[in-house]
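Enquirer: Next up is a structure, given as structure tokens.
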Amino acid sequence: MRMVTSPPSGISATAIGTKTWIVDIIAPASANAGERVDVEVKVYCLPEGWIYIGVGGKYDDTQLSFTPLSLWMGPYTIGSFTSSFIMPNKSTRLHIASLYYTGTEWIQDDYGYVDIALTGVPLTEIVNIFGPIAANAGELVNIDVRVKNTFSEALSISCATALYDDTPLTFNPDYIWVDPGSIQSFTASFAMPNKDIRLRVGSFHWTETGWVQDDYRYVDILLGEAPPEEGVVQLVSVNTYVVR
Numbered sequence: 016m017r018m019v020t021s022p023p024s025g026i027s028a029t030a031i032g033t034k035t036w037i038v039d040i041i042a043p044a045s046a047n048a049g050e051r052v053d054v055e056v057k058v059y060c061l062p063e064g065w066i067y068i069g070v071g072g073k074y075d076d077t078q079l080s081f082t083p084l085s086l087w088m089g090p091y092t093i094g095s096f097t098s099s100f101i102m103p104n105k106s107t108r109l110h111i112a113s114l115y116y117t118g119t120e121w122i123q124d125d126y127g128y129v130d131i132a133l134t135g136v137p138l139t140e141i142v143n144i145f146g147p148i149a150a151n152a153g154e155l156v157n158i159d160v161r162v163k164n165t166f167s168e169a170l171s172i173s174c175a176t177a178l179y180d181d182t183p184l185t186f187n188p189d190y191i192w193v194d195p196g197s198i199q200s201f202t203a204s205f206a207m208p209n210k211d212i213r214l215r216v217g218s219f220h221w222t223e224t225g226w227v228q229d230d231y232r233y234v235d236i237l238l239g240e241a242p243p244e245e246g247v248v249q250l251v252s253v254n255t256y257v258v259r
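Here you go:
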């Protein structure tokens with residue numbers, strides 16, 4: 016079995032290898048615990064002459080074998096390698112490496128990964144939304160959204176929203192790598208319109224094919240003065256907030 020060594024957390028992929036290039040990793044975005052997960056990896060042979068190419072994979076500390084074990088490939092050709100495993104009872108990151116044979120040893124060349132979410136378990140979670148319960152028309156409203164990485168690996172996480180009437184709101188940072196179990200703050204400001212609004216917020220994580228939404232929350236901000244005893248709003252669940 017060819018062993019795969021994953022790179023440090025936060026690196027989504029190495030540059031194209033010296034002799035091979037992983038052009039695609041085909042796997043489901045989510046699966047149930049105990050479900051069979053089928054994976055296909057497509058590897059491009061760079062113009063270095065005819066070589067033996069293989070693929071290795073691992074999730075957690077479990078190594079994954081692919082079929083065929085190797086292919087004799089020429090320049091500018093693409094080879095397909097397949098494997099399967101049983102989905103564990105948690106979201107997982109599948110590490111994939113392409114390798115080539117020198118005649119004496121296998122060399123790990125290119126690297127990529129794919130995140131597979133356990134069905135029903137989001138990879139990110141909105142744990143709090145801080146902001147005023149009310150504001151006057153034209154007043155600057157400051158929003159602070161706290162997003163937690165609930166996955167077992169570092170993720171590139173983003174926060175996005177439709178403010179009101181489909182007006183977008185830009186958060187700072189736009190996106191950022193967040194370590195497992197850590198909470199990241201995303202902030203934004205806008206001028207309060209002349210009406211009550213509902214602020215809709217989503218949390219997202221990045222995959223090789225684009226942004227995937229995990230969580231969704233909203234909070235209502237009323238037009239006018241907030242009562243003196245009321246401060247900021249802390250969201251504790253969908254459609255529910257408490258005043259701090």
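The opening residue of the sequence shown carries number 16 in the numbering used here; numbering runs sequentially from there.
Every residue, glycine too, gets a C-beta built ideally from N, C-alpha and C.
1) So, with DSSP's three-state summary, where would you put V136?
2) Roughly how many angstroms separate the alpha carbons of A150 and D211, rounded to a whole number?
3) Could you say if the region 152–172 and the region 49–65 meet the contact criterion of at least three C-beta pairs nearer than 8 Å?
4) As an exercise, report each continuous beta strand (DSSP E) stretch of at least 3 residues that is fully enclosed by the region 76–143, in chain order.
5) Report the residue from F166, K57 and S197 whose alpha carbon sits nearest the alpha carbon of T92.
6) May I ask which residues mark the beginning and end of the beta strand (DSSP E) holding A206?
7) If you draw a straight line from the C-alpha of A48 to the C-alpha of I131, how long is it?
8) Check L238 in the structure and name its three-state DSSP category.
9) Are T176 and G217 close, meaning C-beta to C-beta below 8 Å?
10) For the region 166–181 against the region 195–205, are there 3 or more C-beta pairs whose distance is under 8 Å?
11) What are the boundary residues of the beta strand (DSSP E) that includes I66?
12) Quick check on the DSSP output: the beta strand (DSSP E) that includes I158 runs from which residue to which?
13) Can you tell me which residues form a DSSP beta bridge with T35?
14) From the DSSP secondary-structure annotation, give me the bridge partner or partners of G225.
Expert: Checking against the coordinates, here is how it stands:
1) Reduced to three states, the DSSP call for V136 is coil.
2) Approximately 9 Å, taken between the alpha carbons.
3) Contact fails: fewer than three Cβ-Cβ distances are below 8 Å.
4) The region 76–143 contains these whole beta strand (DSSP E) runs: 77–80, 86–88, 93–101, 107–116 and 121–133.
5) The residue with the shortest Cα to Cα distance from T92 is K57.
6) Its beta strand (DSSP E) spans residues I198 to A206.
7) About 11 Å.
8) Looking at L238 - three-state DSSP - the assignment turns out to be strand.
9) Yes, the Cβ-Cβ distance between T176 and G217 is below 8 Å.
10) The region 166–181 is in contact with the region 195–205.
11) For I66, the enclosing beta strand (DSSP E) has its first and last residue at I66 to Y74.
12) Per DSSP, I158 belongs to the beta strand (DSSP E) from L155 to N164.
13) In the DSSP output, where bridge partners are listed per residue, T35 has C60.
14) BP columns for G225 point to T222.
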